[in-house]
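**Student:** Pasting a structure here, questions to come.
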Amino acid sequence: MRGEALKSQLELLLLATLEREPAHGYQIVEDLKGRSAGVLDFPEGSVYPALYRLERGGLVTSRWHRVEGRRRRVYRLTRRGRSELSAKRGEWKTIVRAMRAVLA
Amino acid sequence: MSDLRRELRAVGIRGRALRRILAETSAHDPAELGDPRALAAEFADALAPKLARRSAFASFSALAVAGTISLAAFATLEPRSEPAADVPLLLMAVVMGQVAFVAGALGLLRALRRPQDVRTVARRALVGVLAGAATLVSLTVIAHPNWELALSAPALLALAATAPIVARGLSLRTLSTAHGDLTDDLPVAFDARAVAAGAGVLVLLASVAASDPFDGLIRGVFEGLACYGGFLVLGRFLGLRR
Numbered sequence: 120m121r122g123e124a125l126k127s128q129l130e131l132l133l134l135a136t137l138e139r140e141p142a143h144g145y146q147i148v149e150d151l152k153g154r155s156a157g158v159l160d161f162p163e164g165s166v167y168p169a170l171y172r173l174e175r176g177g178l179v180t181s182r183w184h185r186v187e188g189r190r191r192r193v194y195r196l197t198r199r200g201r202s203e204l205s206a207k208r209g210e211w212k213t214i215v216r217a218m219r220a221v222l223a
Numbered sequence: 066m067s068d069l070r071r072e073l074r075a076v077g078i079r080g081r082a083l084r085r086i087l088a089e090t091s092a093h094d095p096a097e098l099g100d101p102r103a104l105a106a107e108f109a110d111a112l113a114p115k116l117a118r119r120s121a122f123a124s125f126s127a128l129a130v131a132g133t134i135s136l137a138a139f140a141t142l143e144p145r146s147e148p149a150a151d152v153p154l155l156l157m158a159v160v161m162g163q164v165a166f167v168a169g170a171l172g173l174l175r176a177l178r179r180p181q182d183v184r185t186v187a188r189r190a191l192v193g194v195l196a197g198a199a200t201l202v203s204l205t206v207i208a209h210p211n212w213e214l215a216l217s218a219p220a221l222l223a224l225a226a227t228a229p230i231v232a233r234g235l236s237l238r239t240l241s242t243a244h245g246d247l248t249d250d251l252p253v254a255f256d257a258r259a260v261a262a263g264a265g266v267l268v269l270l271a272s273v274a275a276s277d278p279f280d281g282l283i284r285g286v287f288e289g290l291a292c293y294g295g296f297l298v299l300g301r302f303l304g305l306r307r
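Protein chains in written order, with this note's numbering: chain A, 120 to 223; chain B, 66 to 307.
Structural data, given as structure tokens:
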């Protein structure tokens, strides 16, 4: 899944990934690809502008950490990010149900 | 990675932001990162709102300091021994003071309403800061060697301190390049001629109230022409008209 279809949902996917645990960009990309069995395949760089937008909106925070000897910027979901994720997840489920009903 | 660095520089991303992006993306295979040009444009778009707000708030704060000192200087100013020599400087201070206020306020407004439009915000901040500096310098020359001279120095420094952030805003190239017009800033339709005429009439009325209608007429006409002239000269650059 590439392009605009994924891009519009990327921020939701990032929030959902960070809900499990704080993570750095590379880890997030690997997690997204792994959990989607490779279906969510996108330019890896596009994760970072999306993370910056989430950070600007107060939905995630980030700090430098040393992870396995390497300096990494680790992102963490904020309380506001959790409630945003909850709301967006609800919207997404409604859309999926509606799509199923139409396409079935 | 050098391609990404080059593209990031090309869209105006430098300094700490550039170092952060390069550090974060260094773990990835460059071939998997995506097209460096498209990615750099995405980063510029992501950074634009924060930069626009910082640029607008920094310049408006510095202008508030400069404006307070300018108003105090206006209120206490005593003409020098040759008042005729002060007229061009006073005119400059009056016109530039208004330009500074309008540009700074509109910069703040655009940053709040359309923070993505960082270049317009930075342009307004630049004009506001330069006009504010011109106002202070004019008043300082007139006031010399009185106390206003000592106060204008920190105000000028405050204006100068905004230069790096304004320069960063000016150099950032975002995907959205349209500067729009005043309808992007104001909730009501804007007619430059009506506003200029209104400003002129206000000045005239103020002078009539001070029992000097002839002088008020001259000042009112000058105010209206200066207002409309400013709109024509700076309108496109500041995103006031298309």
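Where is the CB? At the ideal position from N, CA and C, for every residue including glycine. What you are looking at is a predicted structure, and each value in this text was computed from that prediction instead of being measured.
From V286(B) to V76(B), what distance separates their C-alpha atoms?
**Tutor:** In a straight line, the C-alpha of V286(B) is about 44 Å away from that of V76(B).
**Student:** For A190(B), write down the residues that DSSP places opposite it in a beta bridge.
**Tutor:** DSSP, once it has assigned bridges, lists no residue as partnering A190(B).
**Student:** Going along chain A in order, which residues have a C-beta closer than 7 Å to the C-beta of L235(B)?
**Tutor:** Those within 7 Å of L235(B) in chain A number zero; the least Cβ separation is about 20 Å.
**Student:** With 16 other CB atoms within 10 Å as the buried threshold, where does R302(B) fall?
**Tutor:** Residue identity check: residue 302(B) is Phe in the sequence provided, not Arg. Classification of F302(B): exposed, given that the 10 Å Cβ count is below 16.
**Student:** On the three-pair Cβ rule with 8 Å, is the region 150-157 of chain B touching the region 119-137 of chain B?
**Tutor:** With a cut-off of 8 Å, the region 119-137 of chain B and the region 150-157 of chain B do not count as touching, because too few Cβ pairs lie within range.
**Student:** Going by DSSP, what residue range makes up the beta strand (DSSP E) through R179(B)?
**Tutor:** Counting along the chain, R179(B) falls outside any beta strand (DSSP E), and DSSP gives it neither H nor E.
**Student:** Near A176(B), what residues of its chain come up, given a Cβ to Cβ distance below 6 Å and the 5 sequence neighbours on each side ignored?
**Tutor:** Cβ neighbours of A176(B) beyond the five flanking positions: A117, R118, A121, V186.
**Student:** As a quick exercise: from E149(A), Y145(A), L170(A), pick the residue whose alpha carbon is nearest that of L196(A).
**Tutor:** Ranking E149(A), Y145(A), L170(A) by Cα distance to L196(A) puts L170(A) first.
**Student:** For the alpha helix (DSSP H) containing S181(A), list its first residue and its last residue.
**Tutor:** Per DSSP, S181(A) belongs to no alpha helix (DSSP H); it is in the beta strand (DSSP E), 179-186.
**Student:** Where do the N-terminal and C-terminal ends of the beta strand (DSSP E) with L196(A) fall, by residue?
**Tutor:** Taken as a continuous stretch (DSSP letters only), the beta strand (DSSP E) holding L196(A) covers 189-196.
**Student:** Going along chain E, which residues have a C-beta under 8 Å from D110(B)?
**Tutor:** The displayed structure is made up of protein chains A and B, and chain E is not among them.
**Student:** DSSP three-state call for S67(B): helix, strand or coil?
**Tutor:** It is helical.
**Student:** Counting only C-beta atoms, is L104(B) closer than 8 Å to chain A at any point?
**Tutor:** It does; some Cβ of chain A falls within 8 Å.
**Student:** Which residues share a DSSP beta bridge with H143(A)?
**Tutor:** Paired residues: V193(A).
**Student:** In angstroms, rounded to a whole number, what distance separates the CA positions of R102(B) and E72(B)?
**Tutor:** Going from the Cα of R102(B) to the Cα of E72(B) covers about 6 Å.
**Student:** Would you mind sorting F296(B) into buried or exposed? The rule is 16 or more other CB atoms within 10 Å of its CB.
**Tutor:** Buried: at least 16 other Cβ atoms inside 10 Å.
**Student:** List the whole-angstrom C-beta distance separating S135(B) from T200(B), where the pair is believed to meet the contact cut-off of C-beta under 8 Å.
**Tutor:** Going by Cβ atoms, the distance from S135(B) to T200(B) rounds to 5 Å, so yes, they are a contact pair.
**Student:** Do you know whose CA, among D160(A), L204(A), V215(A), I147(A), lies nearest G177(A)'s CA?
**Tutor:** Considering only alpha carbons, the answer is L204(A).
**Student:** Just the chain A side, please: which residues come within less than 9 Å of A220(B) by C-beta, in chain order?
**Tutor:** Those within 9 Å of A220(B) in chain A number zero; the least Cβ separation is about 31 Å.
**Student:** Identify, in the order they occur along the chain, each residue of the same chain with its Cβ nearer than 7 Å to the Cβ of L290(B), setting aside the five sequence neighbours on each side.
**Tutor:** Closer than 7 Å at the Cβ level, and outside the excluded window around L290(B), lies no residue.
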